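> Have a look at this one before I ask anything.
Residue numbers (the working numbering): -19 to 98.
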């Protein structure tokens, strides 16, 4: 089992920045990829950014050029640096981890609220 704990959410004005952090614990050696998703009430959860152990990263078109995902393998963390935030970035952001040989996101954090005011 893997446990994920996010931090770093909050309230920020449009154009501002926030950095989200997610710490993984437990059977961390089973993790093959980590990522960030977000969800707005009444809408489907959407992927924001993902990062594999092989070094591959992917971003949603809506955040390309503004958000950066990074991994710290020593601290077992995944970060999401969010710059030039927009009101439409307001959502609950959740960290996810995928196990080796898995094709789905197996573990989820509890989520952290990000609110961008206009």
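Backbone N, C-alpha and C fix where the C-beta goes; we use that ideal spot for every residue, glycine too.
Nothing here was measured: the structure is a model prediction, and the numbers come from that model.
Within 10 angstroms of the Cβ of residue 28, are there 16 or more other Cβ atoms? Answer buried if so, exposed if not.
Its Cβ being crowded by 16 or more others within 10 Å, residue 28 is buried.
> Where in the segment 61 to 92 do unbroken runs of the beta strand (DSSP E), each at least 3 residues long, occur, reported from the N-terminal end onward?
Runs found: 71 to 79.
> Quick check on DSSP: helix, strand or coil for residue -3?
Three-state DSSP puts residue -3 in coil, outside helix and strand.
> Excluding sequence positions up to five away, which residues of its chain have a Cβ less than 6 Å from the Cβ of residue 51?
Excluding residues within five positions, the ones whose Cβ falls inside 6 Å are 31 and 58.
> Compute the distance between the beta-carbons of residue 74 and residue 91, then report whether it is under 8 Å.
In this structure, residue 91 lies closer than 8 Å to residue 74 by Cβ.
> Apart from the five residues on each side of it in sequence, which residues of its chain come closer than 6 Å, Cβ to Cβ, to residue 38?
Once the five neighbours on either side are set aside, the close Cβ partners of residue 38 are 30.
> On the DSSP bridge list, what partners appear for residue -10?
The partner list for residue -10 (beta bridge, DSSP) reads 94.
> For residue 47, count the other beta carbons within 10 Å of its own beta carbon; 16 or more makes it buried, fewer makes it exposed. Which is it?
Buried, by the Cβ-count rule.
> What is the DSSP secondary structure of residue 10, reduced to helix, strand or coil?
Helix, per DSSP.
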